[in-house]
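Q:
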Amino acid sequence: MLAASYVFYGYWDARFVGLIVASTVLNQAAAVWLGRLEGSGARRAVVSVAVGANLASLGFFKYAGFFTDSVESALEGLGLGADFPLLNIILPVGISFFTFQAISYVLDVYRGDAEPAKPLDFAVYLAFFPQLVAGPIVRANELIPQLNAPRSLRRTDFTRAVTLIAAGLFKKMVVATYLAEALVDDVFAFPDRFSPVEVLLGVYGYAVQIYADFSGYTDIAIGVALLLGIRLPDNFDQPYRATSIQDFWRRWHMSLSRWLRDYLYIPLGGSRRGERRRDINLFLTMLLGGLWHGAAWTFVLWGAFHGLGLVVERRLGLRLHPVVACVVTFHFICFGWILFRAESLGAAGDVLGRLFSAPTVESTHLTWVAAALIAAMLATHFWPRAVGERAIVAASRLPVLVAGVTFALWLVIVEQFGPEGVAPFIYFQF
Numbered sequence: 010m011l012a013a014s015y016v017f018y019g020y021w022d023a024r025f026v027g028l029i030v031a032s033t034v035l036n037q038a039a040a041v042w043l044g045r046l047e048g049s050g051a052r053r054a055v056v057s058v059a060v061g062a063n064l065a066s067l068g069f070f071k072y073a074g075f076f077t078d079s080v081e082s083a084l085e086g087l088g089l090g091a092d093f094p095l096l097n098i099i100l101p102v103g104i105s106f107f108t109f110q111a112i113s114y115v116l117d118v119y120r121g122d123a124e125p126a127k128p129l130d131f132a133v134y135l136a137f138f139p140q141l142v143a144g145p146i147v148r149a150n151e152l153i154p155q156l157n158a159p160r161s162l163r164r165t166d167f168t169r170a171v172t173l174i175a176a177g178l179f180k181k182m183v184v185a186t187y188l189a190e191a192l193v194d195d196v197f198a199f200p201d202r203f204s205p206v207e208v209l210l211g212v213y214g215y216a217v218q219i220y221a222d223f224s225g226y227t228d229i230a231i232g233v234a235l236l237l238g239i240r241l242p243d244n245f246d247q248p249y250r251a252t253s254i255q256d257f258w259r260r261w262h263m264s265l266s267r268w269l270r271d272y273l274y275i276p277l278g279g280s281r282r283g284e285r286r287r288d289i290n291l292f293l294t295m296l297l298g299g300l301w302h303g304a305a306w307t308f309v310l311w312g313a314f315h316g317l318g319l320v321v322e323r324r325l326g327l328r329l330h331p332v333v334a335c336v337v338t339f340h341f342i343c344f345g346w347i348l349f350r351a352e353s354l355g356a357a358g359d360v361l362g363r364l365f366s367a368p369t370v371e372s373t374h375l376t377w378v379a380a381a382l383i384a385a386m387l388a389t390h391f392w393p394r395a396v397g398e399r400a401i402v403a404a405s406r407l408p409v410l411v412a413g414v415t416f417a418l419w420l421v422i423v424e425q426f427g428p429e430g431v432a433p434f435i436y437f438q439f
């Protein structure tokens with residue numbers, strides 16, 4: 010499994026296999042050291058060095074160029090010309106995900122929530138190929154015990170795995186790719202060519218696109234892991250039916266939300282030191298969560314936007330009708346997606362300006378297929394979860410031949426209805 014994971018990661022760029030190997034050696038050595046040391050001061054020193062090294066690696070590859078560009082722009086704005094060397098740094102795919110997993114492992118060992126794993130077990134945990142490049146972010150005590158447990162292909166949940174893979178392929182190859190090509194990409198690139206209604210539908214379309222893209226990858230990852238006898242945690246729970254911002258983050262990218270809560274928000278003090286400190290901790294957690302998503306001011310502002318929203322929501326404590334609360338929350342999330350999707354703050358301003366401007370062009374670009382797809386995907390957020398479970402149970406009762414032919418036909422349908430070529434997953438860039 011470790012060899013397969015390294016081949017999988019190296020297929021993109023073999024040079025970065027060394028990076029994940031180095032991370033494995035560093036963090037395993039730190040965990041073993043922590044398991045042997047008894048003095049609190051020495052243990053704090055080891056965990057500080059390990060976490061600092063992880064953050065330094067992440068910072069260099071992901072934020073060095075952003076930092077130098079920001080400083081250069083600031084100096085130019087002050088009339089102090091600066092010409093820093095051009096940093097042409099390639100961002101390793103999935104570095105944010107496996108770095109966060111490495112940090113959680115070392116911190117769990119430090120806190121006594123986990124024991125140092127065997128070197129091979131930890132290496133597989135950090136590089137496990139189904140979820141290596143885009144999550145879900147897994148804790149060591151969620152995955153490593155499964156590696157040591159007896160597994161048999163005869164006892165794998167094959168039907169659930171294949172169903173998840175089929176659903177994920179449809180979300181990515183048909184829904185996400187079609188909406189990007191038919192509507193979203195052009196709306197965000199040339200908002201002035203569209204009417205305000207079309208821009209609004211483009212924003213809705215991106216909300217659906219990023220959900221279909223990211224949850225589609227997660228479905229495939231969980232399904233592939235199931236075929237290997239490994240259960241990964243869920244990462245999405247119908248996020249657009251949320252009735253508050255806090256509820257949204259309990260449903261969207263749940264593994265990241267748990268990580269930020271357990272390794273950032275609670276260590277900062279959580280809500281234990283009064284409302285003012287709680288608000289600061291919430292804001293800082295979301296601000297850093299935004300920066301984790303990408304090295305751009307749009308992501309920083311997106312995180313700050315959600316942080317401020319959570320603070321205001323906690324302070325006001327409004328209790329709206331569930332339907333009204335759902336509509337308000339959805340549009341808050343969509344407003345944030347404009348910042349998330351835009352190439353720059355200026356581009357985000359252009360989209361917002363066009364959204365709230367008077368119509369100067371006719372609505373001629375929107376197709377009924379795109380509108381119907383957006384509506385249908387949003388409607389799935391309100392289906393009872395039991396519907397999906399019943400479908401899986403029904404599929405499990407099909408004869409093997411019928412199930413195989415059905416899955417093959419589904420793959421043909423996905424291939425036929427999906428646009429030509431498939432864009433990279435959105436979260437691969439993080």
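Mapping to the working numbering: the sequence shown position 296 is 305, numbers consecutive. A virtual CB, placed ideally from N, CA and C, is assigned to each residue, including glycine.
So, does the region 218-228 touch the region 130-147, judging by three or more C-beta pairs under 8 Å?
A: Touching, per the Cβ criterion.
Q: Under 7 Å Cβ to Cβ from residue 168, same chain only, skipping five residues before and after it: list those, please.
A: Here the set comprises 401, 404, 405.
Q: Helix, strand or coil for residue 352? Go by DSSP, reduced to three states.
A: Of the three classes helix, strand and coil, the one that applies to residue 352 here is coil, per DSSP.
Q: Can you look up residue 341 in the DSSP assignment and give me helix, strand or coil?
A: DSSP places residue 341 in helix when its eight states are reduced to three.
Q: Assuming residue 150 and residue 117 form a contact by the criterion Cβ under 8 Å, report the distance between their Cβ atoms to the nearest whole angstrom.
A: At roughly 7 Å, the Cβ-Cβ gap stays under 8 Å, so residue 150 and residue 117 are in contact.
Q: Kindly indicate the opening and closing residues of the alpha helix (DSSP H) around residue 405.
A: Per DSSP, residue 405 belongs to the alpha helix (DSSP H) from 394-405.
Q: Answer with buried or exposed for residue 99, where buried requires no fewer than 16 other C-beta atoms within 10 angstroms of its C-beta.
A: Exposed is the call here.
Q: Please specify which runs of the alpha helix (DSSP H), each continuous and at least 4 residues long, are wholly inside the region 188-238, giving them in chain order.
A: Segments of the alpha helix (DSSP H) lying fully in the region 188-238: 194-198, 205-236.
Q: Mind checking whether residue 156 and residue 122 have CB atoms under 8 Å apart?
A: No; because the gap between Cβ atoms is not below 8 Å, this pair is not in contact.
Q: Below 8 Å, how does it come out for the region 185-200 and the region 159-168: are there three or more Cβ pairs, yes or no?
A: The region 185-200 is not in contact with the region 159-168.
Q: Assign residue 207 to one of two classes, buried (16 or more other C-beta atoms within 10 Å of its C-beta) or exposed (fewer than that).
A: With 16 or more Cβ atoms within 10 Å of its Cβ, residue 207 is classed as buried.
Q: Grab me the residues of residue 136's own chain with a C-beta within less than 8 Å of its C-beta, minus the 5 sequence neighbours each way, in chain order.
A: Only 11, 14, 15, 18, 29, 33, 107 meet the Cβ criterion.
Q: If you follow the alpha helix (DSSP H) that residue 128 is part of, which residue opens it and which one closes it?
A: It spans 128-136 - the alpha helix (DSSP H) in which residue 128 sits, taken as one unbroken run.
Q: Alpha carbon to alpha carbon, what distance is there between residue 287 and residue 148?
A: Using only the alpha carbons, I get a separation of about 25 Å.
Q: Taking just the CA atoms, how far does residue 119 sit from residue 50?
A: Near 12 Å, if we compare the C-alpha coordinates of residue 119 and residue 50.
Q: Restricting to runs no shorter than 4 residues, where is the alpha helix (DSSP H) found entirely within the region 291-349?
A: With a minimum length of 4 residues, the continuous alpha helix (DSSP H) runs that stay inside the region 291-349 are 306-325.
Q: For residue 380 and residue 396, what's the separation of their Cα atoms in angstroms?
A: Cα to Cα, residue 380 sits roughly 24 Å from residue 396.
Q: Just the C-alpha distance for residue 233 and residue 284, rounded to the nearest angstrom, thanks.
A: The straight-line gap from Cα to Cα measures roughly 44 Å.
Q: Hey, would you say residue 254 sits closer than 8 Å to residue 352, going by beta carbons?
A: Not closer than 8 Å, so no.
Q: For residue 16, name the three-state secondary structure that DSSP assigns.
A: Here residue 16 sits in helix by DSSP.
Q: Would you call the region 205-219 and the region 262-269 in contact, with 3 or more CB pairs under 8 Å?
A: With the cut-off at 8 Å, the region 205-219 and the region 262-269 do not touch.
Q: Please classify residue 127 as buried or exposed, where buried requires at least 16 other C-beta atoms within 10 Å of its C-beta.
A: So residue 127 counts as exposed.
Q: So the candidates are 210, 376, 384; which of them puts its Cα closest to the Cα of residue 344?
A: Nearest option by C-alpha distance: 210.
Q: With distances taken Cα to Cα, identify the nearest neighbour of residue 295 among 303, 313, 62, 332.
A: Residue 295 has its Cα closest to that of 313, out of 303, 313, 62, 332.
Q: So the candidates are 398, 101, 360, 53; which of them puts its Cα closest to the Cα of residue 25?
A: When only C-alpha atoms are compared, the closest one is 101.
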